[in-house]
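Novice: Residue numbers (the numbering used here), protein chains in the order written: chain G, 20 to 375; chain F, 275 to 634.
Here it is: the structure, laid out below.
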Amino acid sequence: MIVVSADTLRRQLSSIFSSWGVSKEHVDQTVHVMVETDLRGIDSHGVGMIPAYDKHRQEGKINPTPDIRIVREKASVALIDADRSLGHPPSLKAMRLAVEKAKKTGIGMVGVRNSNHFGAAGYYSLMAAEEGVIGMAMTACSSPLLVPTFGREPRLGTNPIAFAAPARRNKPFALDMATTTVAFGKINIARRAGKPLPEGWALDEDGAPLTDAQKAFGLRRLTPLGGTRELGSHKGYGLAAMVEILCTTLTGSWFMSRDPETGEQGKYNNIGHFFLAIDPDLVREEGEFRDDMDRLMDMFRGTPPADEGRPVMVPGDPEYAAYEERKVAGIPMTETLYEEVRAVAEASGVPFLLGN
Amino acid sequence: MITIPADQVQRPIAEVYRTWGMAEAHIATTVELMVEADLRGIDSHGIGMLPTYEQYRREGKLNVTPDIRIVRELPTLVLIDADHSLGHVPAEMAMRKAIAKCHETGVAIGSVRNSNHFGAAGVYSTMALEEGLIGICVTGTTQRSVVPTFGREPMYSTNPIAFAAPAKRNRPFSLDMATSTVAVGKLKIAERAGKELPVGWVVNEAGRPETNPTAALDAKPKRLTPVGGTRELGSHKGYGMAMLVEILGSILSGSFVGGRDLKTEQPGRFINVGHFFLALDPAFFRGEPGAFEADLDALIDYLHETPPADPDRPVLVAGDPEAEARAERLAHGIPMTDRLFEEVREVARGCGAPFILEAA
Chain G
20 MIVVSADTLR
30 RQLSSIFSSW
40 GVSKEHVDQT
50 VHVMVETDLR
60 GIDSHGVGMI
70 PAYDKHRQEG
80 KINPTPDIRI
90 VREKASVALI
100 DADRSLGHPP
110 SLKAMRLAVE
120 KAKKTGIGMV
130 GVRNSNHFGA
140 AGYYSLMAAE
150 EGVIGMAMTA
160 CSSPLLVPTF
170 GREPRLGTNP
180 IAFAAPARRN
190 KPFALDMATT
200 TVAFGKINIA
210 RRAGKPLPEG
220 WALDEDGAPL
230 TDAQKAFGLR
240 RLTPLGGTRE
250 LGSHKGYGLA
260 AMVEILCTTL
270 TGSWFMSRDP
280 ETGEQGKYNN
290 IGHFFLAIDP
300 DLVREEGEFR
310 DDMDRLMDMF
320 RGTPPADEGR
330 PVMVPGDPEY
340 AAYEERKVAG
350 IPMTETLYEE
360 VRAVAEASGV
370 PFLLGN
Chain F
275 MITIPADQVQ
285 RPIAEVYRTW
295 GMAEAHIATT
305 VELMVEADLR
315 GIDSHGIGML
325 PTYEQYRREG
335 KLNVTPDIRI
345 VRELPTLVLI
355 DADHSLGHVP
365 AEMAMRKAIA
375 KCHETGVAIG
385 SVRNSNHFGA
395 AGVYSTMALE
405 EGLIGICVTG
415 TTQRSVVPTF
425 GREPMYSTNP
435 IAFAAPAKRN
445 RPFSLDMATS
455 TVAVGKLKIA
465 ERAGKELPVG
475 WVVNEAGRPE
485 TNPTAALDAK
495 PKRLTPVGGT
505 RELGSHKGYG
515 MAMLVEILGS
525 ILSGSFVGGR
535 DLKTEQPGRF
545 INVGHFFLAL
555 DPAFFRGEPG
565 AFEADLDALI
575 DYLHETPPAD
585 PDRPVLVAGD
595 PEAEARAERL
605 AHGIPMTDRL
615 FEEVREVARG
625 CGAPFILEAA
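Structure representation (structure tokens):
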């Protein structure tokens, strides 16, 4: 494992994106979101995405100089066209707009179409909570991984749901979860470690449980949250479909990069995102919500634990702990990722900065 | 099992509420929404709740003549105080308000405090469909029955999420799910069948898997798991979704959590359930009427066409089982177990209401 500082990683990512012709503003925004994500310990959605972004760039799916514009707008709602930008800049714009609308009208909901991978959904929802409002962010994906209950082929992405809410004494409540049982990264970790998968994470071509991590990595068939029908996978599947509807159907984007005209893989990803903000101070008396959030989080953390050494947490706790540690110690990277970043830097014609 | 024609179920329930002194308009709404849950096959949340409602009333937790009022109103939101009414009437009012506002504003929310059990969340989200809108509904609950990941005591309950979106050729998409792995009803089915529970449905007082259905049902309080069942299979996500529901349903409205006052962590005189409703206008986002519905048809087809693992068991889309149950039950009646039939008769007798249910 290699450890790099957040600053070094920022410089490396900035040089790569700049070499693609991305504007300084968009580079700064994208790099900020990516490095914050790594600092929070969500390794799969920060620098770990750079090889995929580079691939999409080479395939012409990313527009480095997009004209991100508001297509339609009312006091509480808006639709943004990302013009095939990297997903982070239009998403920041959308969440900022949603928060602004929420503070004026109580609620703001902004959809984004024609976008790309936006990093970790939790970044955007937390952004709202840090502004004192409830935030929700969801996204569709460009390739299928989730096999619907009773099926044997993947049809939806890992379709994450992120939700954050401000407290007063506590750091914000911050949920960020894929609607699959596990993220694809977990399969990769098991594969590298040579460990079998627990039954209920992945499926084979027949739709039967698959515990061979190497095979699962190749087959790319994840179960919806719940794992099996018996343990409620139809609920995870239902949530994933809800995310797809709010991100893709509502905004007029493509599902699984399929061009609706042809039903085939399209030239672009055309991913859709969904952002929602609610100002609790316009629903209740000012501050009451934040006080009750403190009480709720304290009460749940106080749940008697099954194992004295392993306390009950609330969503966000593991990420805040990772942040404190990584801010000081730096961001760990696997050998593989380190080499992949080197390759992207080379392909982009910029110096590799992560070396000693 | 007794089967009652759908059009005959309402009256005996209405007669019970009449003896309580409920207003006729409240009776009509409550009974209609309860029977709608039964029609959709959500047996646990329709007529089956009547004995519990009667218990709440006897305990003084229900106000049968509530003054349901709007506490706060903006063009995009409404906060309603249910005054400890049974949940159906204030919930319906909040959803209807959100729907009406949404036509103007594109999105709107309804928040309800000081309420009670409102039946099935899905009957409110689907109200939005009648007007071509997307509907969302979540609710807090009356008690504690679900144990957070790594815990051994329940802190909240089945905290459901319902989401509905209109299609054109296809039936609407309609998700209505508890955020627990299973509901208590499933434990009863396993007990009757003499089967062990799968690991991941219930935990015991030490927080370890409980597979004996009788022990699971006799436990006080009951200890269900969040969806995912175990940490390894993602129960922390089910727990996280349940907290999302708690925050939108209970905290945003200023209600209790699992029947506990947040200030004291103890039950209060009332149950103080909170609900949350959201309506969203797809026509605003798509810029033209019908575009959303056509695309949702394509998505639903794509999901239905997933190659099945077992050719005899096709892939479904949320709302399919309920729509099938509804068609079947409208035609052939609503099945009731002998036990529920007796319980309803008992409630009617206790209230001095005429009991006029007859099997088909």
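Each residue gets a CB set at the ideal place from its N, CA and C atoms; glycine is no exception.
#1: Which complete beta strand (DSSP E) runs does the region 332-375 of chain F hold, if anything under 3 residues is left out?
#2: Under 8 Å, Cβ to Cβ, is there at least one residue of chain G near Glu310(F)?
#3: Quick check on DSSP: helix, strand or coil for Ile383(F)?
#4: Taking only beta-carbon positions, decide if Met20(G) is within less than 8 Å of chain F.
#5: Give me the Cα-Cα distance between Leu372(G) and Val50(G), rounded to the nearest whole angstrom.
#6: Is Leu449(F) close to chain G, meaning its C-beta is less than 8 Å from at least one C-beta of that chain?
#7: Any idea what DSSP makes of Cys625(F), helix, strand or coil?
#8: Compute the Euclidean distance between the alpha carbons of Gln540(F) and Asp300(G), then round it to the nearest angstrom.
#9: Express the C-alpha separation of Phe169(G) and Ala599(F) in angstroms, rounding to a whole number.
#10: Report yes if the C-beta distance between Ala627(F) and Val290(F) is below 8 Å; otherwise report no.
#11: Is it the case that the region 76-96 of chain G contacts the region 356-372 of chain F, given that we only count it when at least three CB pairs across the two stretches are under 8 Å?
#12: State buried or exposed for Arg240(G), treating a residue as buried only when at least 16 other CB atoms are found within 10 Å of its CB.
#13: Of all the alpha helix (DSSP H) runs that stay within the bounds of the region 489-545 of chain F, which reach a length of 4 or more residues?
#14: Could you work out which residues of chain G lie near Ile525(F), taking near to mean beta carbons separated by less than 7 Å?
#15: For Asp47(G) and chain F, any beta-carbon pair shorter than 8 Å?
#16: Does Gly151(G) come within less than 8 Å of chain F when only Cβ atoms are used?
#17: Could you tell me the distance, in whole angstroms, from the CA atom of Thr158(G) to the CA atom of Ala297(F)?
#18: With Arg211(G) as the anchor, note down where its beta strand (DSSP E) starts and where it stops.
#19: So what does DSSP say about Met429(F), is it helix, strand or coil?
#20: Under 8 Å, with one C-beta from each stretch per pair, do the region 384-400 of chain F and the region 536-553 of chain F reach the 3-pair mark?
#21: Measuring alpha carbon to alpha carbon, tell me which residue in Lys205(G), Thr270(G), Pro334(G), Ile350(G) is nearest Ala97(G).
#22: For a contact defined as C-beta to C-beta under 7 Å, what are the partners of Ala94(G) on chain F?
#23: What residues of chain G sit near Pro349(F), judged by a beta carbon separation below 9 Å?
#24: Expressed to the nearest angstrom, what Euclidean distance is found between the alpha-carbon atoms of Gln329(F) and Asp326(G)?
#25: Could you tell me which chain G residues have their CB closer than 7 Å to the CB of Gly474(F), listed as they occur along the chain?
#26: In chain order, what residues of the same chain lie with their CB nearer than 8 Å to the CB of Ile81(G), ignoring the 5 residues before and after it?
#27: Pick out whichever of His64(G), Ser42(G), Phe308(G) has its Cα sitting closest to the Cα of Met352(G).
#28: List, in chain order, every chain G residue whose beta-carbon is nearer than 8 Å to that of Pro556(F).
#29: Per DSSP, what kind of secondary structure is Pro286(F) in: helix, strand or coil?
#30: For the candidate residues Ser276(G), Gly257(G), Pro108(G), Arg314(G), whose alpha-carbon lies nearest to that of Met451(F)?
#31: Let me know the beta strand (DSSP E) ranges lying completely inside the region 570-626 of chain F, each 3 residues or longer, listed in chain order.
#32: Just curious, the beta strand (DSSP E) that Ala348(G) is in, first and last residue?
#33: Between Arg534(F), Asp535(F), Phe530(F), Val456(F), which lies nearest to His549(F) when the distance is taken from Cα to Cα?
#34: Quick one: what does DSSP say Ser162(G) is sitting in, helix, strand or coil?
#35: Go to Glu119(G), then tell me how far its alpha helix (DSSP H) extends in each direction, as first and last residue.
#36: Report yes if the C-beta of His606(F) is less than 7 Å from at least one heavy atom of the ligand NAD; otherwise report no.
Specialist: From the atom records:
#1: 343-348, 351-355
#2: no
#3: Strand, per DSSP.
#4: So, not an interface residue.
#5: 15 Å
#6: yes
#7: helix
#8: 26 Å
#9: 19 Å
#10: yes
#11: no
#12: buried
#13: 509-520
#14: Phe308, Asp311, Met312, Leu315
#15: no
#16: no
#17: 45 Å
#18: For Arg211(G), no beta strand (DSSP E) run applies; the uninterrupted alpha helix (DSSP H) run containing it begins and ends at 203-212, by DSSP.
#19: coil
#20: yes
#21: Thr270(G)
#22: Thr379
#23: Ala94, Ser95, Thr124, Gly125
#24: If you take the alpha carbons of Gln329(F) and Asp326(G), they lie about 36 Å apart.
#25: Simply Leu250.
#26: Trp39, Tyr72, His75, Arg103, Ser104, Leu105, Asn135
#27: Sorting His64(G), Ser42(G), Phe308(G) by C-alpha distance to the C-alpha of Met352(G) places His64(G) at the top.
#28: Those are Thr268, Leu269, listed as they occur along chain G.
#29: helix
#30: Gly257(G)
#31: 608-610
#32: Segment 336-348 is the alpha helix (DSSP H) holding Ala348(G); no beta strand (DSSP E) there.
#33: That would be Phe530(F), whose Cα lies nearest to the Cα of His549(F).
#34: coil
#35: Run containing Glu119(G): 107-124, per the alpha helix (DSSP H) assignment.
#36: The ligand NAD is not part of the structure shown, which contains no ligands of any sort.
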